Amino acid sequence: MPPRVAGSISLLEASPPEKAVGVVLPAFGIAIRSEPSSVQAVRRVTRAWVRSQCQVPDDDVDAVLMVVSELCANAVQHGRCPSIDVLGWMSAPDEVRFEVYDWSPAPVPQPHHVDHEAESGRGLLLVDLLITELGGSWGFSDDGTCAWCHLSLLREGR
Numbered sequence: 622m623p624p625r626v627a628g629s630i631s632l633l634e635a636s637p638p639e640k641a642v643g644v645v646l647p648a649f650g651i652a653i654r655s656e657p658s659s660v661q662a663v664r665r666v667t668r669a670w671v672r673s674q675c676q677v678p679d680d681d682v683d684a685v686l687m688v689v690s691e692l693c694a695n696a697v698q699h700g701r702c703p704s705i706d707v708l709g710w711m712s713a714p715d716e717v718r719f720e721v722y723d724w725s726p727a728p729v730p731q732p733h734h735v736d737h738e739a740e741s742g743r744g745l746l747l748v749d750l751l752i753t754e755l756g757g758s759w760g761f762s763d764d765g766t767c768a769w770c771h772l773s774l775l776r777e778g779r
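Residue 622 is where the sequence shown starts when you use this note's numbering, and the numbers rise one by one after that.
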């Protein structure tokens, strides 16, 4: 069973909300090899899913894909298992959640500013900025094996 993720329960632990009994909200899961080239498959699946099943506004699709890609790239780069698992689901009719499991316990990473000449190290800062722009939240499980993000599809100004 996946570790408890701060801020909510995992898809694998979730039961339908009382108001949604009898309603099946869209979800997907994909396991990929822990290789940089595999992140492209997650982007393709996520793009199709958020457009067709979640009706994420077109203006937000690229930002959602960037967040999921960066969380996957972080898992590929820092995880020590041969595969990572990605789950996406609508936790309510107007909410979407993603979890990326690398199954490698580690200290919880923090976004940080890097030297302008550094070739990497900006991914979590980018995630933080995009999630803030999208009006969501994100974080890691206490043991660092899972990165998650939660987005409301009902934002002000829409």
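Note that the Cβ used here is the ideal one computed from N, Cα and C, for glycine as well.
Small disclaimer: the values here were computed from a predicted structure and weren't measured.
Taking the Cα positions, Gly700 is about 30 Å away from Leu774. Secondary structure note for Glu691: its alpha helix (DSSP H) is the uninterrupted segment Asp679 to His699. Ala768 counts as buried, since no fewer than 16 other beta carbons sit within 10 angstroms of its beta carbon.
The beta strand (DSSP E) runs lying completely inside the stretch 705-731 and spanning 3 residues or more are 716-722, given in chain order.
With distances taken between CA atoms, Tyr722 lies nearest to Gly765 out of Gly765, Arg743 and Leu751. Exclusion of the five residues before and after Val666 leaves Phe649 and Ile651 as the residues of its chain whose Cβ lies within less than 7 Å of its Cβ. Under the three-state reduction of DSSP output, Ser762 falls in the coil class, being neither helix nor strand. The bridge partners DSSP lists for Ser773 are Glu716.
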